[in-house]
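Order-wise, the sequence lines are chains G and C. Counting in the numbering used here, the first sequence tops out at residue 257, every number present. Counting in the numbering used here, the second sequence tops out at residue 376, every number present. Ideal Cβ placement from N, Cα and C applies to all residues, glycine included. Presented below is the structure to which this report refers.
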Amino acid sequence: MAVIEPTLDDAGVMEFVATGFVLLEGVLDDAFNAKCDKMAGGNIDAFIGEDEFTKTVLLHSKIAGVARSLLGEDFLVPAGGHHHLYEAPHLGQTWHSDGLSGLGYDVTELQCYYYPQAVEIEDGPTMILPGSHCRAVDREAIAHYGDIRGQMSLTVPAGTVAMTRYGIWHKAGPKTNDRRRGMIKFSYHRQAAPQRDWKIDAPQIPEYQNQPRLAYVTEVESYRDRVRRMRTWNWLCGLDEESQLRWERSRPVSEIA
Amino acid sequence: MNSAVGEWLATSRQKLQAGTLTAQDLDRLAKLVETPRQLVLYLYSKSTNMRSALASWMLYDATKPQEPTLPSQEAPYESVLDAVADGWRIVQFPDAKLYRYDDVDNDYLGFEFILEKMI
């Protein structure tokens, strides 16, 4: 049985809660990247299900370590996936989230994007919108958005893996060249009940430390974001529902001497 | 009749009599009778106020070939009001009643103004 050690600490988990992604740049080696780069586009369940992909990518200590941190013990390892491959120039995809956005404050699926080759801005990199992972949307109803303040183009070195909370807004960006640009997509899932069993220094659960306001966010949205993040943090820590919904830094008057 | 075309005809009759009508005059007429085409600009304001900063934007320009352009973090205007000052006409204002939210959850991003410019 593979023993996977969590790699994120409280600060890392809190950052994920706010942004909805972890970026691991250049974690996979050139030889394996070259092999993946030759894959045809489309469904690659068989390739992902092979031992080599499982051991090299899915159980890689840094990649699986993030999955272990955010999805708990005995998380489900992908047995399939898809190779999104682009070569000709194109306008780019429209903003969307995949399938069902994932309403609520839980973290039950990490959708991962693996880039076997370096991606430059002209290659039509995947674009993500940090912090968008908790907005449940009709994917067809956000297709008309264009540029968004704070959007992020994943221009990354070869061997990079982005791990996102399923539901994050994303798209293939506009591509202006003919260079091959591939991305292998696969997902890890949670089995265990949530608890604070990532890398911790002390047993006391710290209060959620709010993260900087995102560029596209309005005044009231920054307020909503803070509450949403706090609820996700509390959920991940395994706090009960009453604790999850309790207003931060507040305490019953009876507890005050 | 379009008043600009009417003016062109009056001027051109005089030029015709004087023998000074040129190909440039005909080019000008061609421009005058072209059907104006609509540019559409979506601006997502951070509030329903036209002076608010923008969260997102998208220009649809059917007068040019649809080719990929690199993403940008620079909005074309500081606000909806700035766009109006540059000649854009608002064809749809955000209706606050349509921006539904439930507790701390919502599914939109910015308040949608749709603008047009005829060229």
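For W314(C), the beta-bridge partners assigned by DSSP are D147(G) and L300(C). When the five nearest sequence neighbours on each side are left out, the beta carbons in the same chain lying within less than 7 Å of the beta carbon of K171(G) are those of G92, Q93, T94, W95, H96 and M127, in order along the chain. Following the DSSP letters along the chain, one finds M163(G) inside the beta strand (DSSP E) bounded by residues T160 to R165.
Contact between A192(G) and E73(G) is confirmed by a C-beta separation of about 5 Å, below the 8 Å threshold.
Taking C-alpha positions only, V17(G) is separated from W233(G) by approximately 7 Å.
Comparing alpha-carbon positions, the option among I371(C), L300(C) and V361(C) lying closest to R229(G) turns out to be V361(C). The stretch 121-137 of chain G makes no contact with the stretch 54-74 of chain G; the number of CB pairs closer than 8 Å stays below 3. The C-beta distance from S69(G) to W235(G) rounds to 15 Å, too long to meet the 8 Å contact threshold.
Proximity of H83(G) to chain C, defined by a Cβ-Cβ separation below 8 Å, is not satisfied.
With contacts defined by Cβ atoms closer than 8 Å, V161(G) and Y86(G) do not form a contacting pair.
Across the structure, Q111(G) and D343(C) are spaced so that their CA atoms are roughly 43 Å apart. Spatial neighbours of Y216(G) in its own chain (CB-CB distance under 7 Å, excluding positions within 5 residues in sequence) are listed in chain order as I148, R149 and G150. Contact of V161(G) with chain C by beta-carbon distance below 8 Å is absent, the smallest such distance being about 22 Å. Looking at the DSSP output, K199(G) bridges to D9(G). Cβ neighbours of D178(G) within its own chain (closer than 8 Å, five residues either side excluded): E87, A88 and P89. Identification of chain G residues near T326(C) by a Cβ-Cβ cut-off of 7 Å yields P174, ordered along the chain.
Taking 8 Å as the threshold, the shortest C-beta distance from P89(G) to chain C falls below it. The Cβ-Cβ distance between M307(C) and H144(G) does not fall below 8 Å.
The straight-line gap separating the alpha-carbon atoms of I205(G) and L59(G) is approximately 28 Å. Put simply, the CB of Q330(C) is near chain G, with a gap under 8 Å to one of its CB atoms. DSSP places T126(G) inside the beta strand (DSSP E), whose first and last residues are T126 to I128. Sorting A141(G), R165(G) and Q209(G) by C-alpha distance to the C-alpha of G20(G) places R165(G) at the top.
Non-local C-beta neighbours of S304(C) in its own chain, meaning closer than 8 Å and more than five positions away in sequence, comprise F368, ordered along the chain. Inter-residue distance for A332(C) and I63(G) is about 36 Å (C-alpha atoms, whole angstroms). Inclusion of Q281(C) and E373(C) in the CB contact set at 8 Å is not warranted, their separation being larger than that value.
Under the Cβ criterion of 8 Å, W345(C) is not counted among the residues facing chain G. In the DSSP assignment, V66(G) falls within the unbroken alpha helix (DSSP H) covering S61 to L71. Separation of F47(G) and A158(G) (C-alpha to C-alpha, rounded to the nearest whole angstrom) is 19 Å. For Y223(G), the enclosing alpha helix (DSSP H) covers residues E219 to L236.
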